[in-house]
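Below is one structure, written out as structure tokens; comments come after it.
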Amino acid sequence: MTRSTSMTHDAQAALDAAGLTRRDFVRRSGLLIVAFSAARAAGDLGLVPDTLSAQGINGPGSPQLDAWLAIGADGRVTAYTGKCELGTGLYTAQTQLVAEELCVPIDRVRLIQCDTSMTPDQGTTSGAQSHPTNFNKANLALAGATAREALLQLGAKRLGMPVESLVAIDGTVRAKSDASKSVGYGDLIGGQKFNLMLNRAAARKPVSEWKVLGTSVPRLDFPAIVTGQFEYVHNVRVAGMAHGRVVRPPALGATLTAVDESSVQGLPGVLKVVVRKNWVGVVAEKPWQAEQAARQLKATWSAGTALPDQGTFHERLHSQTATRDALSVDSGDVEAKLASAAKVIKATYRHPYQMHASIATACAVADVKTDAATIYSATQAVYPLRSTMAMVLGLKPEGVRIIFRQGPGCYGVNGADAVSYDAALMSQAVGRPVRVQLARKDEMAWENYGPAYVIDERVGLDANGTIVCWDYQGWTLQRGNRPGGNAPGNVVSGMLAGFEPQMAQPRSPAPAPTGEFDNGNNTVPNSVTGCIGGMCGGTGTVASERVLSRTVASPFFTGPLRSPARLQNTFAHESFMDEIAASAKADPVAYRLRHLSDPRLRDVVTAAAGKAGWDARPSPRTGSRRTGVATGRGIACVLYEGDNGYCALVTEVEVNQDTGLVLVKRCVAAIDVGPVSNPNGLRNQLEGGLIHGMSRALREEVTWSGDRVTSIDWRTYRPWFVGDPVPVIESVIVNRPDAPATGAGETSITVTAASIGNAIFDATGARLRQLPFTPERVKAALAARG
Amino acid sequence: MSVFNLTVNGRAHTVDVDPATPLLYVLSDDLALRGPKFGCGLGQCGACTVIVKGDAVRSCSVPVKAVAGAEITTLEGLGSPENLHPIQKAFVDEQAMQCGFCINGVIMTAKALVDRTPNPSDAQIRQALATVLCRCGAHVRMVAAIRKYAQERQTRRTA
Chain A
1 MTRSTSMTHD
11 AQAALDAAGL
21 TRRDFVRRSG
31 LLIVAFSAAR
41 AAGDLGLVPD
51 TLSAQGINGP
61 GSPQLDAWLA
71 IGADGRVTAY
81 TGKCELGTGL
91 YTAQTQLVAE
101 ELCVPIDRVR
111 LIQCDTSMTP
121 DQGTTSGAQS
131 HPTNFNKANL
141 ALAGATAREA
151 LLQLGAKRLG
161 MPVESLVAID
171 GTVRAKSDAS
181 KSVGYGDLIG
191 GQKFNLMLNR
201 AAARKPVSEW
211 KVLGTSVPRL
221 DFPAIVTGQF
231 EYVHNVRVAG
241 MAHGRVVRPP
251 ALGATLTAVD
261 ESSVQGLPGV
271 LKVVVRKNWV
281 GVVAEKPWQA
291 EQAARQLKAT
301 WSAGTALPDQ
311 GTFHERLHSQ
321 TATRDALSVD
331 SGDVEAKLAS
341 AAKVIKATYR
351 HPYQMHASIA
361 TACAVADVKT
371 DAATIYSATQ
381 AVYPLRSTMA
391 MVLGLKPEGV
401 RIIFRQGPGC
411 YGVNGADAVS
421 YDAALMSQAV
431 GRPVRVQLAR
441 KDEMAWENYG
451 PAYVIDERVG
461 LDANGTIVCW
471 DYQGWTLQRG
481 NRPGGNAPGN
491 VVSGMLAGFE
501 PQMAQPRSPA
511 PAPTGEFDNG
521 NNTVPNSVTG
531 CIGGMCGGTG
541 TVASERVLSR
551 TVASPFFTGP
561 LRSPARLQNT
571 FAHESFMDEI
581 AASAKADPVA
591 YRLRHLSDPR
601 LRDVVTAAAG
611 KAGWDARPSP
621 RTGSRRTGVA
631 TGRGIACVLY
641 EGDNGYCALV
651 TEVEVNQDTG
661 LVLVKRCVAA
671 IDVGPVSNPN
681 GLRNQLEGGL
691 IHGMSRALRE
701 EVTWSGDRVT
711 SIDWRTYRPW
721 FVGDPVPVIE
731 SVIVNRPDAP
741 ATGAGETSIT
751 VTAASIGNAI
761 FDATGARLRQ
771 LPFTPERVKA
781 ALAARG
Chain Z
1001 MSVFNLTVNG
1011 RAHTVDVDPA
1021 TPLLYVLSDD
1031 LALRGPKFGC
1041 GLGQCGACTV
1051 IVKGDAVRSC
1061 SVPVKAVAGA
1071 EITTLEGLGS
1081 PENLHPIQKA
1091 FVDEQAMQCG
1101 FCINGVIMTA
1111 KALVDRTPNP
1121 SDAQIRQALA
1131 TVLCRCGAHV
1141 RMVAAIRKYA
1151 QERQTRRTA
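The listed protein sequences derive, respectively, from chains A and Z.
For the first sequence, the working numbering begins at 1 and goes up steadily by one.
For the second sequence, the working numbering begins at 1001 and goes up steadily by one.
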């Protein structure tokens, strides 16, 4: 067999196993099948095409069956996916999917993930879009169904029997009536192409017949991970590899004035100081040598840009006038309804900048040659990164190969793309492969944070305490984003190397909403109808509705962080819903149900409350003491992204009213994500979302002072450690075999902060409207009870 | 540069490095081990933990010269995918991780604890893991896996 030098070991091994030669036919396609989801990156920010909101998350995929699946001479199946493992269990779930649709044992399936020379272009693995994209009636799932039907047809021909009399089972096609009449997949097509298009009429296996999918197959990668055998991107080693470290500016806005290369001359192992505009790196033979040299390098920088005062940041954000305005819904009658309402309630909620803060700093290995480059990267977006990498390196995209290797959980655009540019720039400069891993501070001071928010909520109530109108105005900030297909400046290393970050273009007033209702950012609350031009897509009953979002320039880089915008908006909506219920002296569960029309959302609320043994009564609890420990329960719910998974969460908390410390004691979640691929995996995601959400709700906040970020390590940005107290977690999985598969990884985190805040209110009567709920903020809210 | 003899997972190695090189760098880059990982380089997260003389040690913050001659155990030294160590098996049984990058720190810290304190209380487990970080939120399962391991270890010893 001809061995391609550009193949990774894994990829080549898979081809060998499949009995195939180089699959140069993989990506060739003149046709596009556009995957379901519209772009959901950042709302309409007025950016140039092919980036951000204009960039579809899911890519074109491929209409050709051979791009997705290959069957080897030994009958083994190799599958190719553009949605990769980020730690959520997707590798295992996709392997289950392929095994199920093709009727082969799971250990005969090999999955190749995200490699621009091997796999279909499925855009970005993000936004909880992997299940919607690959587990319904398109892409990988449809490829499986198409291949099974094709194999049955081939089997019918081979066995000389009608296809209706045959069944696909254990990698063979055989007669239903006579198991001795069978032929293996390897004999039917091993080592050859199908030469078929995906067949939209091919039937998925019904959930009732699933044997592998829908079961709690243990994660396939865990045995290698727990024994230190697993290859993360950090473990990639290539021959002749050198090591690089970056030298970032000391402050935001600082530019490079001079680099004194002699300051590192003669240090052991140093190969080169690399400079490109404001981007600086040092390459050495060994990582410790590169690190020493980076510390010792004398670089001179201009003064940084003074940052706005953190203490008054939200007020400043609230007063900005150069804003990009967008209306999600506007029934046109909200002001009139507010004016005539029996009662008007309003509140303002504040969310901090938070960071992805992955457990490992970002790492990449690049091998850049004169006209070609190979980059091992933990990026979520191999094809988009190929395009921007080509811009950074001055190469043609076809000459750049991006190979995904798993990194730490990223939760969005962490440092993976930025460090890929870093490694590539250094490799190009020294003509050798270079591995770069960021220092903790360099990652935390410069990553694309989840942005801060200020959200004003107002409702009008009628005499019965029913909501008659809902008004939302939210302010947030933006600078850069995912690099998309053409904006390397959207992350720090691209910006330093001379590319501009994209900025929202101011536009006021917002145009009237048109087209289909889209609640991808959960800007629109649960309780409203979500109507545009007579078509309604909301989950609630309140018809008078206005939702206006305003975006301004951020001093820091921003980008999607697990449940981007959805979490911040849901915190405001679901905290406010609790305030309204309290004002109406209604039980928070009953009051929600009174305003919800979507039966699936109602069902998760009822299921969570039922499992929790919900104590139906208005909040706050009466008779609590105002000192010492108080206990309470809260609820919050969401239809994530307006169409991508239902979740309701009851939390029970203890609030120490003397110290302001909040302990979450119990969480009961109900989740509905359509048919469940792997129940244990789903529970793991749900639990992880809750703990991550609790960490963000109680502790996490980017801090800054003067011209620089001051949350730069695990003491200054303190998340929830493994030894910190955790709640008991119970879950109800509402299985909907007939519904489309939706995302799951971002549902529970979306409701956590609101649910905790509502429980604190129930316990103490103090309303927390600013995250995180630090002891200081809790004590201030307790003092404000009067 | 200086020559150091290290015993890692029972095997003798000789490396020629700057004495100030953190042990983690030697393990990762000179010995190509994948268990101990760089998380922060500051001793704050635990991802780099190895066991030296029975103690859980943050290898990112220990210069190689400080451990020359000592017996060092890394995650690879416990078991293999085909023959998991009981603590590794407990984490697989409980599916107690997500991305898995932190698991080295969790397992090695917990193993050192249970080796020393065979029947740890919840408070002792929490104390040991007070500065071990997991960002995916597998905390509840991790503590369950550690309890399971400790209990099964007790059972094996008394059987």
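All residues carry an ideal CB built from backbone N, CA and C; glycine is no exception.
When we look at the beta-carbon of residue 504/A and count the other beta-carbons within 10 Å, is it buried (16 or more) or exposed?
Taking a 10 Å sphere around the C-beta of residue 504/A, we find 16 or more other C-beta atoms and assign the residue as buried.
Element boundaries [beta strand (DSSP E), containing residue 749/A]
According to the DSSP assignment, residue 749/A belongs to no beta strand (DSSP E) but to the alpha helix (DSSP H) extending over 747–764.
In terms of alpha-carbon separation, which member of 352/A, 125/A, 707/A and 142/A lies closest to residue 69/A?
Nearest of 352/A, 125/A, 707/A and 142/A to residue 69/A, Cα basis: 142/A.
Backbone CA spacing between residue 1125/Z and residue 507/A [nearest angstrom]:
The straight-line gap from Cα to Cα measures roughly 55 Å.
Would you say residue 1074/Z faces chain A, with C-beta separation under 8 Å as the test?
Yes, residue 1074/Z lies at the interface with chain A (some Cβ there is under 8 Å from its Cβ).
Are the Cβ atoms of residue 642/A and residue 464/A separated by less than 8 Å?
Taking 8 Å as the Cβ cut-off, residue 642/A and residue 464/A do not qualify as a contacting pair.
Under 8 Å between C-beta atoms, does residue 1037/Z make it to chain A?
Taking CB atoms only, residue 1037/Z has a neighbour in chain A less than 8 Å away.
Starting from residue 1054/Z, find everything on chain A with Cβ-Cβ shorter than 9 Å and list it in chain order.
For residue 1054/Z, no chain A residue has a C-beta closer than 9 Å to its own C-beta; the minimum C-beta separation is roughly 19 Å.
Pick from 472/A, 491/A, 382/A and 316/A that is closest to residue 793/A, judged by C-alpha positions
No answer is possible for residue 793/A: it lies beyond the span of chain A, which begins at 1 and ends at 786.
Nearest-angstrom Cβ-Cβ length linking residue 1201/Z and residue 408/A, presumed shorter than 8 Å:
Residue 1201/Z lies beyond the stretch modelled for chain Z, which goes from 1001 to 1159, so this question has no answer here.
Starting from residue 1033/Z, find everything on chain A with Cβ-Cβ shorter than 7 Å and list it in chain order.
The answer, in chain order, is 228.
Residue 1150/Z by DSSP, collapsed to three states: which one?
For residue 1150/Z, the secondary structure class from DSSP, reduced to helix, strand or coil, is helix.
Let's see if you can read the secondary structure: which residues bound the beta strand (DSSP E) around residue 669/A?
Start and end: 662–672.
Is the Cβ of residue 690/A closer than 8 Å to any Cβ of chain Z?
It does: the Cβ of residue 690/A has a partner Cβ on chain Z nearer than 8 Å.
Give the secondary structure of residue 49/A by DSSP, where H, G and I count as helix, E and B as strand, and everything else as coil.
Confidence in residue 49/A is poor, its pLDDT being 43 and thus under 50, which makes the residue's placement too unreliable to answer from.
In terms of alpha-carbon separation, which member of 296/A, 435/A and 361/A lies closest to residue 240/A?
Ranking 296/A, 435/A and 361/A by Cα distance to residue 240/A puts 435/A first.
Would you mind giving the Cβ-Cβ distance between residue 512/A and residue 333/A, rounded to the nearest angstrom? I have them listed as a contact below 8 Å.
Not quite, the Cβ-Cβ distance comes to about 14 Å (not below 8 Å), so this is no contact.
Does the beta carbon of residue 654/A sit closer than 8 Å to a beta carbon anywhere in chain Z?
Cβ-Cβ to chain Z under 8 Å: no for residue 654/A.
Thinking C-alpha only, which one of 1132/Z, 1112/Z and 1138/Z is nearest residue 1150/Z?
If we check each option's Cα against that of residue 1150/Z, 1112/Z comes out closest.
Of all the options 310/A, 176/A, 113/A and 92/A, which has the alpha carbon lying nearest to the alpha carbon of residue 212/A?
It is 92/A.
Using the beta-carbon of each residue, which ones in chain A are nearer than 7 Å to residue 1131/Z?
Below the 7 Å Cβ cutoff, chain A contributes 721 as neighbours of residue 1131/Z, in chain order.
Are the C-beta of residue 361/A and some C-beta of chain Z separated by less than 8 Å?
So, interface residue.
Assuming residue 563/A and residue 649/A form a contact by the criterion Cβ under 8 Å, report the distance between their Cβ atoms to the nearest whole angstrom.
Between residue 563/A and residue 649/A a beta carbon distance of about 13 Å is seen, past the 8 Å cut, so the two are scored as non-contacting.
Those residues which DSSP pairs with residue 325/A across a bridge
Answer by DSSP bridge pairing, in chain order: 550/A.
Look at the alpha carbon of residue 1012/Z and the alpha carbon of residue 1067/Z, and state the distance between them as a whole number of angstroms.
C-alpha of residue 1012/Z to C-alpha of residue 1067/Z: approximately 13 Å in a straight line.
Contact set for residue 735/A: own chain, Cβ-Cβ below 6 Å, skip 5 residues either direction
Counting only residues of its own chain and dropping the five nearest sequence neighbours on each side, residue 735/A has a CB closer than 6 Å to the CB of 676.
Between the Cα of residue 809/A and those of 1084/Z, 1049/Z, 1053/Z and 1047/Z, spot the shortest distance and give me the residue it belongs to.
In the structure as shown, chain A starts at 1 and stops at 786, and residue 809/A therefore has no counterpart that could be examined.
Which word fits residue 164/A, buried or exposed, when buried means at least 16 other C-beta atoms lie within 10 angstroms of its C-beta?
Looking at its Cβ environment, which holds fewer than 16 other Cβ atoms inside 10 Å, residue 164/A is exposed.
Please state the DSSP three-state secondary structure of residue 112/A.
Secondary structure at residue 112/A: strand, using DSSP grouped into helix, strand and coil.
Kindly confirm or deny that the stretch 1018–1037 of chain Z and the stretch 277–290 of chain A touch, where touching means at least three C-beta pairs closer than 8 Å.
Output reads yes: the stretch 277–290 of chain A touches the stretch 1018–1037 of chain Z.
From the beta carbon of residue 1106/Z, is the nearest beta carbon of chain A less than 8 Å away?
Taking Cβ atoms only, chain A reaches closer than 8 Å to residue 1106/Z, which makes this a yes.
Short CB-CB distance (under 8 Å) between residue 1158/Z and chain A:
With 8 Å as the cut-off, residue 1158/Z does not count as an interface residue toward chain A.
According to DSSP, which residues form a beta bridge with residue 721/A?
Note: residue 721/A is bridge-paired with 1133/Z in the DSSP secondary-structure output.
Below 8 Å, how does it come out for the stretch 61–80 of chain A and the stretch 97–113 of chain A: are there three or more Cβ pairs, yes or no?
Segments in contact, yes.
So which residues of chain A does residue 1013/Z contact, with C-beta pairs closer than 9 Å?
Result: empty, since nearest Cβ-Cβ is about 16 Å, beyond 9 Å.
I need the boundaries of the alpha helix (DSSP H) containing residue 193/A, first residue and last residue.
Residue 193/A: not part of any alpha helix (DSSP H); DSSP gives it neither H nor E.
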